[in-house]
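The structure appears below as structure tokens.
2 protein chains.
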Amino acid sequence: MSKELVKFVGGIAPESVVDVYGVCKAPQVPIVKCSQSLVEVDLEEVHVVSRAATPLPMQLTDASAPISLEDETTESAPEDSPKRAKVTLKTRLDHRFLDLRTAASSSLIRLSATVTQAFRTHLASLGFLEIHTPKLLAGSSEGGANIFPLDYFEKKACLAQSPQLHKQMAVMGDLDRVYEIGPVFRAEDSNTHRHLCEFTGMDLEMTIKADYKEVIEVVQNLFLVIFQEIEQRNAPELKILRTHFPFITPFSVPSQPLLFSFPQAVQLLTQSGYPQSPLADLSTEAERHLGKLIKANTGSDFYIIHRYPTAVRPFYTLPCPDDPQYSCSFDVFMRGEEVVSGGQRVHNAEMLERRIEEKGVGKEGLRDYLEAFRYGAFPHGGCGIGLERVVMLYLGIGNIRRVSLFPRDPKRISP
Amino acid sequence: MSKELVKFVGGIAPESVVDVYGVCKAPQVPIVKCSQSLVEVDLEEVHVVSRAATPLPMQLTDASAPISLEDETTESAPEDSPKRAKVTLKTRLDHRFLDLRTAASSSLIRLSATVTQAFRTHLASLGFLEIHTPKLLAGSSEGGANIFPLDYFEKKACLAQSPQLHKQMAVMGDLDRVYEIGPVFRAEDSNTHRHLCEFTGMDLEMTIKADYKEVIEVVQNLFLVIFQEIEQRNAPELKILRTHFPFITPFSVPSQPLLFSFPQAVQLLTQSGYPQSPLADLSTEAERHLGKLIKANTGSDFYIIHRYPTAVRPFYTLPCPDDPQYSCSFDVFMRGEEVVSGGQRVHNAEMLERRIEEKGVGKEGLRDYLEAFRYGAFPHGGCGIGLERVVMLYLGIGNIRRVSLFPRDPKRISP
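Structure follows, in structure tokens:
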């Protein structure tokens, strides 16, 4: 390489895009700190395709440095605090196109793609059909809380807070087993590490022969396939992520599925000195505590709780035939946080109408939904899985925003 | 089967869901008019799981009868017209859960699932990564026309009319080649056979080494794979659809890709006596006329037109280096209707800013987008494909609403 060329290359601002021409060679000593260690290019020509402005909004070397658990949890530390990460999450997300150029950030997107592919491939092998349900709904979705309203020509509409109603209607349309991966919208003013206002929902819905355990079985096997696929397909990404987030611990999956009934969960909590009312929902804190108990007792980060109290589940949840105080429902947990909510649905139109009234949900927007159960309805159930949560909790990283390509929360709607 | 059981079964309303117990037998004479002709069940017990109300909003025998081309085009005929189809599209869509129980309607959904799967599998084999871009955008999407605005907490937002801006930003994030299948939203008051206000967009975006022909090549091969997969995987569904829509003609794909430049298309039209200004966009009517000309000349229903006038393409389209009146853009056509719009994008931030100003697009919502091209930008291009249009036009059926699971148009936002 000529002296002039060395000087020219030295003057190109970092992150510029270049075309290079040269001869590929085996280096005399292996190259360190590059992804290719056994090949180098002896440059003959270098052309700048796109010159980067200076200074960069953040330095990629800084953004690529390992992040401590403390960094993950001191996001709100003052600008000059020595505890603050070199590149804050806010800076990363404000300039996401640059952040994505770091190996760790792009690895998270690659892991997400593995999860969606495993979800689809496994469900397709079980006879599930891919569907696309509308995100624009008349009225107020599943009851009206946490929705984004909007005007639809002359009518009032809102964004679907899940594909719940339409995937059920698809099953009533004799499609038998369906799945969908798509955006879901929650106008929830929750500023936590695990809430997004728009995230990717992975939904499935299926007819049931006997009871909701059939859905649980599908979901359990689905997750085992997803975990397996991540390990098999993303070994290089996992290595990058474990270096970037050194606090990551391996996700422990039990050899036998762990299934606890809600009363069992209440008992576990109560015995450990944690007060839990038998018919109230689990708080986030109770869930986390329960996760620690189960981890301590079984070594597992993955388990399912079923038979939630009917009172804490949505109107479409089927009460248990043997005790209507409890319902044919379940949640899946990873590291003590919920990633899936599901269960058997009410397929009897009269019971459904009664449940809607009992729950005080506005029936107006549910007229078409209700009609779908009046002319022969299949017993059915399903669940919804939050993609970003699955990736976040499989790894054990501290913020869901890292997993979303362009996250949306109550304070962020850009870039 | 006992006389009592025969009587009981005869009294069950059509479309009720039943559990039956009995002995499987080979029938003495093959059964006609059933999907299973070589096996029958000698009933012992029949239980009604869910009794259908009577009368049904439409009869499934009527809804399953073949549809003539006249039926497809006389939707607006008066209720008592003899020309009117027995079950109108409106009735079908109002009770979509019942309509989906007909073999033809569910076949259309199955074909759609084949298209999305072929899209993903082929692109994954070419190194494309699946992404999920946000549907909630600050400001006014790609310029403000035809958007659904809404309030996002304290801010103004809108629904993405395509993943355009964010898939480009993902490529600037060094993800190299990306694709997405997801809903896109158009607040366009178009009440035609081929417009929906919400449809399923299949988008791809990739870095470009030399020019936009690289994108065209990917798209051409992608479509060949999609057509092949439909024929291979959906032979039973195609048979059902050809019976239900007897006017369907086979879709003719050329052995060699058919690529016309915009000036060539203008020449073809002009020579045939159809007036077409050389720098104006093709009207829907001109497109259809051109489709007939190309079909007559080549026998093909599938072709691509490229180098559209710069003035008729969006601000992010790269003008041709050899003649900036034309652009590095293309559309894909099936049976004379556009199904894909694509091209190379402007990756130079200054040129992009100038183009935005020239087009009179509000720069406010594009600040973050513009920033993504300032710090080293890859030459890139891509396209967006309308899923429902591809299925409609491959078959040659007359209304896009049939292909959407729960269609949304200016007059319909339910069920």
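Quick mapping for you: the protein sequence lines, in order, are chains A and B. Quick note on this note's numbering: the first sequence kicks off at 2 and runs consecutively. Quick note on this note's numbering: the second sequence kicks off at 2 and runs consecutively. Backbone N, C-alpha and C define an ideal beta-carbon position, used for all residues, glycine too. Model, not experiment: these values are computed from the prediction.
Contact with chain B is found for residue 173 (chain A), since one of that chain's Cβ atoms lies less than 8 Å from the residue's Cβ.
Annotation: the segment 219-271 of chain A contains the following complete segments of the alpha helix (DSSP H) (minimum length 4 residues), in chain order: 236-245.
Using a Cβ distance threshold of 8 Å, residue 318 (chain A) and residue 344 (chain A) count as a contacting pair. Going by beta carbons, residue 304 (chain B) and residue 263 (chain B) fall outside the 8 Å limit. About 11 Å separates the CB atoms of residue 381 (chain B) and residue 170 (chain B); that is not less than 8 Å, and the two are not in contact.
Here the alpha carbons of residue 211 (chain A) and residue 20 (chain B) stand approximately 11 Å from one another. Interface residue (Cβ-Cβ distance to chain B less than 8 Å): residue 42 (chain A) is not classified as such. Residue 175 (chain B) has its alpha-carbon roughly 23 Å from the corresponding atom of residue 25 (chain A). Inter-residue distance for residue 94 (chain B) and residue 100 (chain B) is about 7 Å (C-alpha atoms, whole angstroms). Between residue 313 (chain A) and residue 282 (chain A), the gap from beta carbon to beta carbon is short of 8 Å.
Distance between residue 348 (chain B) and residue 16 (chain B), taken at the CA atoms: about 57 Å. Counting only runs of 3+ residues, the beta strand (DSSP E) found wholly inside the segment 363-398 of chain A occupies 381-387, in chain order. In the displayed model, residue 306 (chain A) falls within a strand according to three-state DSSP.
For the segment 381-413 of chain A, the set of positions with a beta-carbon nearer than 7 Å to some beta-carbon of chain B reads 406, 407, 409, 411 in chain order. Distance from the Cα of residue 334 (chain B) is smallest, within the candidate group B:279, B:368, B:395, B:159, for B:395. Cβ contact annotation for residue 404 (chain A) (same chain, cutoff 7 Å, sequence separation greater than five): 109, 113, 389, 392, 393, in chain order. If you draw a straight line from the Cα of residue 47 (chain A) to the Cα of residue 350 (chain B), it is about 21 Å long. Sorting B:241, B:165, B:139, B:384 by C-alpha distance to the C-alpha of residue 157 (chain B) places B:139 at the top. If you draw a 10 Å sphere on the C-beta of residue 322 (chain A), you find fewer than 16 other C-beta atoms in it, and that means exposed.
Among the residues facing chain A, residue 191 (chain B) is not included, as its CB has no counterpart in that chain under 8 Å away.
Against chain A, the beta carbon of residue 195 (chain B) has no neighbour under 9 Å; the closest one sits roughly 17 Å away. Exposure of residue 257 (chain B) is indicated by the presence of fewer than 16 other C-beta atoms within 10 angstroms of its C-beta.
Going by C-alpha positions, residue 247 (chain B) is about 19 Å away from residue 194 (chain B). When the five nearest sequence neighbours on each side are left out, the beta carbons in the same chain lying within less than 8 Å of the beta carbon of residue 197 (chain B) are those of 187, 389, 401, 402, 405, 408, 409, 410, in order along the chain. In the DSSP assignment, residue 26 (chain A) falls within the unbroken beta strand (DSSP E) covering 18-26. Secondary-structure assignment with DSSP links residue 345 (chain A) through a beta bridge to A:382. Secondary structure of residue 59 (chain B) (DSSP, three-state): coil.
The C-alpha of residue 178 (chain B) is placed about 5 Å away from the C-alpha of residue 129 (chain B). Not a single CB atom of chain A sits nearer than 8 Å to the CB of residue 346 (chain B). Linking residue 54 (chain A) to residue 184 (chain A) through their CA atoms gives a straight-line distance of about 34 Å.
Note: residue 185 (chain B) is bridge-paired with B:200 in the DSSP secondary-structure output. No residue range can be given for residue 155 (chain B), since it is assigned to no beta strand (DSSP E) and is classified by DSSP as neither H nor E. A:52 is the residue among A:214, A:31, A:52 whose C-alpha sits nearest the C-alpha of residue 18 (chain A). Note that the C-beta distance between residue 164 (chain B) and residue 204 (chain B) is below 8 Å. Contact of residue 65 (chain A) with chain B is not assigned, every C-beta pair being separated by 8 Å or more. Per DSSP, residue 167 (chain A) lies in no beta strand (DSSP E) segment; the continuous alpha helix (DSSP H) that holds it begins and ends at 165-171.
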